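Here this note's numbering is used: the first residue of the sequence shown is 26, the next is one more, and so on.
Beta carbons are placed, not taken as given, at the ideal position from N, Cα and C, and that holds for glycine.
Quick caveat: nothing in here was measured; it's all calculated off a predicted structure.
Worksheet for the structure shown next.
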Amino acid sequence: MKVVVIGGGPAGMMAAITSAKQGNDVILLEKMKSCGRKLLITGKGSYIGSHFRDYLKEFPNDYYVEELDVRDDSWKQFDFSKFDVVYHVAGIAHIKETKENASLYYKVNRDLAVEIAKLSKSYGVKHFIFMSSMSVYG
């Protein structure tokens, strides 16, 4: 089946990736040109980030993509200045927040996102895209 996805933002990209994985012919009518061509994915190895990276590899002349592991503090020394977009997908998504893990849950799902967004802005990154799971909303 042919599927047309209008809009190449995060939701459009995930719809395109999902549809393509189901064997459909996907036509994406926008390739995020308004956002930029140099993307940094924070959350190296994440499900969404790696699928998004693999999709963008289909356009090697259109996008430069790097992934950054943010599990320890070494990312704070990383130079964000060469990127137009930070696509933040690092988070705890499949573990329900409990009293026992609340501190870690908020540290990763809230504080880390804010810290990366602020650092991105200080380096002059034009766009910060925050992907989240419905699980963080309760």
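- Taking a C-beta distance under 8 Å as the contact criterion, His152 and Asp109 qualify as a contact pair.
- With distances taken between CA atoms, Lys143 lies nearest to Ser106 out of Ser106, Val30 and Asn126.
- Listed in chain order, the non-local C-beta contacts of Ser44 below 6 Å within the same chain comprise Val28 and Val51, local neighbours out to five positions each way being set aside.
- The three-state reading of DSSP puts Thr43 in helix, counting H, G and I together.
- Listed as beta-bridge partners of His152 by DSSP are Val110.
- Per DSSP, the beta bridge partners of Lys27 are Asp50.
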